[in-house]
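Undergrad:
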Amino acid sequence: MKSLLYSLRVLIAAGSLGGFFGGWALFAHSGKPAAAVPEPPAQVVPAPSQSQDLSPLSLPQLQPVQPLQPLPSFSSGPRMRLRTGGS
Amino acid sequence: MNSNIVMAAEGDPRKVTRGFEEATKLIEIGEARFSRFLEDSELSVLNRESGEWVSVSTEMYELIHEAYRFASETAGRFDPSVLGALEDAGYDRSMDEIRARGAGPSTSRRSRGHGEFLATEFDPPTSAIRLPSGVRVDLGGIAKGWLAERAARVLAGFSTACAVSAGGDLFAVGLPAGDSAWDVALEDPRDERESLTTLRVGPGAVATSSVTKRRWHQDGRARHHLIDPRTGLPAESAWLSVTVIAPHATTAEVYAKCLLIAGPGEAEKIAARRKDITFIAVDGQAKLWGSSNAREFLNEAFKYA
């Protein structure tokens, strides 16, 4: 009876070790997991040049304008406004 | 001188306040010296002693000499000896009195002397002046400009930028912080509460002469204080006001008056003699006219003849 039990333990241990090493070998030779690789940029296709076919843009006809308004100015304090009108 | 004085300054408040006090003192001393309405003013003494040599203060000598130079330069268009004509037109008392009690009666008794001012003699070593006999002068306008510039220069010693305006004659020293010019509203001569545009001017002088401010009636006729030396009467001009921008306040004051009296026909020719002045005139419809460089100082379009 004792020898039967001993034999059974050896068989279970041997099966465990065999399963372990068999699995190791299986994973070691399997392919690597897929990585996140960016997609290559889409190829830019230059538009066909048409400059040789177009005439230059003509400038709009200039119109006489009123004198330019000066840009608003800024100062740190209240602006000093003066007047002239005679007396 | 019956004029409002306005001072503006930037800088340390304590220093600026002291500057205001010093500038005010200078103006008060100037008024006591140059007023024709004060019996004991230096000008009144000089006028009473016309025909005689009179020793005068350095300031009086300088101002009369400057007036003489302008009278010569403008061929008599500017003539401070129109005082008699001014009194004949009713301006023989202060504007406050005229407004309260009316003008003096029409007369030609006092209108002697205008046109003779160029015969005035000067003696620099003794700082003495001899007005031609019977000639009396009114320094009202030119004295305002002279005082505005001097007061501004005093105030400048206490501030980083400042301006002094004496009855329409303005002188600015420096520029407001962070700005490239002074804003000076150009009054509508038809309604002083309104502005026609804003001038953008650098350091220097701006002066305006107007026929709509000091007006009164004499014997039913409208009068004003700008006497045409050629006629001895209040000038008849197509313009209501002329503003001049110039390096110095007396120049601006004198030419504003001359150009207003000259009117559209002659103004451009007179102004062309002085390359350092710019003028802007306002007519009865509030249209602006001016020298070719006037646009540089305007915010808005204006008509140029």
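Residue numbers (the numbering used here), protein chains in the order written: chain A, 1012 to 1098; chain B, 1366 to 1670.
Beta carbons: idealized from backbone N, C-alpha and C, even for Gly.
How many Å lie between residue 1715(B) and residue 1388(B) at the Cα?
TA: The structure shown has nothing for residue 1715(B), since chain B only spans 1366 to 1670.
Undergrad: Would residue 1428(B) and residue 1483(B) qualify as a contact pair, given that the criterion is a beta-carbon distance under 9 angstroms?
TA: Not a contact, by the Cβ cut-off of 9 angstroms.
Undergrad: Can you tell me where the beta strand (DSSP E) holding residue 1558(B) begins and where it ends?
TA: Taken as a continuous stretch (DSSP letters only), the beta strand (DSSP E) holding residue 1558(B) covers 1556–1566.
Undergrad: Quick check on residue 1576(B): does DSSP put it in helix, strand or coil?
TA: Looking at residue 1576(B) - three-state DSSP - the assignment turns out to be coil, as it is neither helix nor strand.
Undergrad: Confirm, please, whether the CB-CB distance from residue 1588(B) to residue 1468(B) is below 9 angstroms.
TA: A contact, by the Cβ cut-off of 9 angstroms.
Undergrad: Does the segment 1459–1466 of chain B come close enough to the segment 1523–1540 of chain B to have 3 or more Cβ pairs within less than 8 angstroms?
TA: No: the two stretches stay apart, fewer than three of their Cβ pairs being nearer than 8 angstroms.
Undergrad: For residue 1579(B), return the contacting residues in chain A, with the cut-off set at a CB-CB distance below 8 angstroms.
TA: Chain A residues near residue 1579(B): 1098.
Undergrad: Quick one: does residue 1658(B) have its CB under 9 angstroms from some CB of chain A?
TA: Judged by the 9 angstroms Cβ criterion, residue 1658(B) is not in contact with chain A.
Undergrad: Can you grab the Cα-Cα spacing for the pair residue 1496(B) / residue 1449(B), in whole Å?
TA: Their backbone Cα atoms lie some 14 angstroms apart in a straight line.
Undergrad: Determine contact between the segment 1557–1571 of chain B and the segment 1607–1615 of chain B, defined as no fewer than three beta-carbon pairs at a distance below 8 angstroms.
TA: These segments touch.
Undergrad: Using 10 angstroms around the beta-carbon of residue 1616(B), count the other beta-carbons present and answer buried if the total reaches 16, otherwise exposed.
TA: Counting Cβ neighbours within 10 Å, residue 1616(B) comes out buried, since at least 16 surround it.
Undergrad: So residue 1549(B) contacts chain A; which residues on that side make the cut at Cβ distance below 9 angstroms?
TA: The contacting residues are 1092, 1093, 1094, 1095.
Undergrad: Buried or exposed for residue 1650(B), please, with buried defined as at least 16 other CB atoms from any protein chain shown within 10 angstroms of its CB.
TA: Classification of residue 1650(B): exposed, given that the 10 Å Cβ count is below 16.
Undergrad: Have a look at residue 1031(A) and residue 1018(A) and give me their C-alpha separation to the nearest angstrom.
TA: Spanning the two alpha carbons is a distance of roughly 20 angstroms.
Undergrad: Quickly, what does DSSP pair residue 1623(B) with across the bridge? List them, please.
TA: BP columns for residue 1623(B) are empty, so no partner.
Undergrad: Residue 1444(B) by DSSP, collapsed to three states: which one?
TA: It is coil, neither helix nor strand.
Undergrad: Report the residues of the segment 1525–1547 of chain B with a CB closer than 7 angstroms to any CB of chain A, ordered along the chain.
TA: So the list reads 1528, 1530, 1532, 1533, 1535, 1541, 1542, 1543, 1544, 1545, 1547, given in the order they occur along the chain.
Undergrad: Give me the chain A residues within the contact set of residue 1606(B), using Cβ-Cβ distance strictly less than 8 angstroms, ordered along the chain.
TA: Result: 1096, 1097.
Undergrad: Going by beta carbon distance, what residues of the same chain come within less than 6 angstroms of residue 1557(B), once the five residues before and after it are set aside?
TA: If we look at residue 1557(B) and ignore the five residues flanking it on each side, it has no Cβ neighbours.
Undergrad: So, for residue 1560(B): in the same chain, excluding its five sequence neighbours on each side, which residues have a beta-carbon less than 7 angstroms away from its beta-carbon?
TA: Correct list, in chain order: 1550, 1551, 1552, 1553.
Undergrad: Using C-beta distances below 6 angstroms, list every residue in its chain close to residue 1508(B), excluding the 5 sequence neighbours before and after it, in chain order.
TA: Within the same chain, residue 1508(B) has close Cβ partners 1399.
Undergrad: Between residue 1486(B) and chain A, is there a C-beta pair that is closer than 9 angstroms?
TA: Chain A, which has no Cβ nearer than 9 angstroms to the Cβ of residue 1486(B), makes this no.
Undergrad: Can you find at least 3 beta carbon pairs, one from the segment 1369–1380 of chain B and one from the segment 1525–1534 of chain B, that sit closer than 8 angstroms?
TA: A contact exists between the segment 1369–1380 of chain B and the segment 1525–1534 of chain B.
Undergrad: Report the three-state DSSP secondary structure of residue 1413(B) (helix, strand or coil).
TA: Reduced to three states, the DSSP call for residue 1413(B) is helix.
Undergrad: Let's see if you can read the secondary structure: which residues bound the beta strand (DSSP E) around residue 1092(A)?
TA: Taken as a continuous stretch (DSSP letters only), the beta strand (DSSP E) holding residue 1092(A) covers 1092–1095.
Undergrad: Determine the chain A residues that contact residue 1554(B) at a beta-carbon separation under 9 angstroms, and present them in chain order.
TA: 1096, 1097, listed in chain order.
Undergrad: Within 10 angstroms of its Cβ, does residue 1498(B) collect 16 or more other Cβ (buried), or is it exposed?
TA: Counting Cβ neighbours within 10 Å, residue 1498(B) comes out exposed, since fewer than 16 surround it.
Undergrad: DSSP on residue 1481(B), reduced to helix/strand/coil?
TA: Of the three classes helix, strand and coil, the one that applies to residue 1481(B) here is coil, per DSSP.
Undergrad: Between which two residues does the alpha helix (DSSP H) holding residue 1660(B) run?
TA: Counting along the chain, residue 1660(B) falls outside any alpha helix (DSSP H), and DSSP gives it neither H nor E.
Undergrad: Out of 1520(B), 1380(B), 1500(B), which one is the CA nearest neighbour of residue 1414(B)?
TA: Residue 1500(B) is the option with its Cα nearest to residue 1414(B).
Undergrad: If the cut-off is 9 angstroms on Cβ atoms, which residues from the segment 1371–1382 of chain B count as contacting chain A, listed in chain order?
TA: Listed in sequence order: 1371, 1373, 1374, 1375.
Undergrad: How would you list, in chain order, the residues of chain A whose beta-carbon sits under 7 angstroms from the beta-carbon of residue 1557(B)?
TA: Those within 7 angstroms of residue 1557(B) in chain A are 1096.
Undergrad: Using a C-beta to C-beta distance shorter than 7 angstroms, which residues of chain A count as neighbours of residue 1573(B)?
TA: Within 7 angstroms Cβ-Cβ: 1095, 1096, 1097.
Undergrad: For chain A, find out if any of its Cβ atoms is closer than 9 angstroms to the Cβ of residue 1369(B); answer yes or no.
TA: With 9 angstroms as the cut-off, residue 1369(B) counts as an interface residue toward chain A.
Undergrad: Mapping the DSSP letters down to three states, classify residue 1407(B) as helix, strand or coil.
TA: Here residue 1407(B) sits in helix by DSSP.
Undergrad: Between the alpha carbons of residue 1486(B) and residue 1446(B), how many angstroms are there, rounded?
TA: If you take the alpha carbons of residue 1486(B) and residue 1446(B), they lie about 14 angstroms apart.
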